[in-house]
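> As numbered in my numbering, the sequence shown has no gaps in its residue numbers, which increase by one up to the final residue, 129. Yeah, the Cβ is synthetic: ideal placement off N, Cα and C, and Gly gets one too. Here's a structure for you.
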Amino acid sequence: MYRSFKIALAMVLVMPIHLSAALAEGSLEQGEKVFKRCAACHAATDQNKTGPGLAGIVGRTAGKAADYNYSPGLASSTLVWDEKTLDSFLQGPRKLVPGTKMTLSVPKPDERQSVILYLKSLAAGN
4 MYRSFKIALA MVLVMPIHLS AALAEGSLEQ GEKVFKRCAA CHAATDQNKT
54 GPGLAGIVGR TAGKAADYNY SPGLASSTLV WDEKTLDSFL QGPRKLVPGT
104 KMTLSVPKPD ERQSVILYLK SLAAGN
């Protein structure tokens, strides 16, 4: 009986780890799916399109990617793209940075968090 208890306890302790990993994976998959809307203007690499390439964006100072012509508001910004700033920007780009070229917003909080998770997965230099 004690052995059965230990096995059950081990399963209860390990299960949340597997569940959280599954949820994170699902969110990453959702982020990649939602990013397809962004892909009309942004690449998931360092390559610029209509908008700047987004590889390595998390932790980068806003408006500073090489070879991209930013709006004056974003170019003079001191924002750093962390989770909180990205969430605010994706919710309403022109509210956070008046005059920005970006018009698309992501109104749903779960989709924003998933896109941010996806952006965090994009390494610079790709």
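1) Does the separation of the CB atoms of His45 and Gly56 fall below 8 Å?
2) Taking only three categories from DSSP, how would you classify Val37?
3) Quick one: what does DSSP say Thr106 is sitting in, helix, strand or coil?
4) Just to confirm my understanding: we take Ser91, look at its own chain, exclude 5 residues before and 5 after, and list those with CB closer than 6 Å. What are they?
5) When you compare the CB positions of Pro96 and Met105, do they come within less than 8 Å of one another, or not?
6) Between which two residues does the alpha helix (DSSP H) harbouring Arg97 extend?
7) Which residues in the same chain have their Cβ closer than 8 Å to the Cβ of Ala58, if we skip the five residues on either side of it in sequence?
8) Could you compute how far the alpha carbon of Arg40 sits from the alpha carbon of Ser79?
9) Suppose you measure from the CA of Glu32 to the CA of Asn72; what does that come to, to the nearest Å?
10) Using only the alpha-carbon positions, how far apart do His115 and Gly102 sit?
11) Just tell me which of Asn51, Val118 and Glu86 has its CA closest to the CA of Ala69.
12) Do the CB positions of Leu122 and Ile60 come within less than 8 Å of each other?
13) Reducing DSSP to helix, strand and coil, say where Thr81 ends up.
On the basis of the data shown:
1) yes
2) helix
3) coil
4) Leu99
5) yes
6) Pro96 to Leu99
7) Ala46, Ala47, Thr48, Asp49, Leu125, Ala126, Ala127, Gly128 and Asn129
8) 27 Å
9) 31 Å
10) In the sequence on display, residue 115 carries Arg and not His. Distance between the alpha carbons of Arg115 and Gly102: 21 Å.
11) Asn51
12) yes
13) coil
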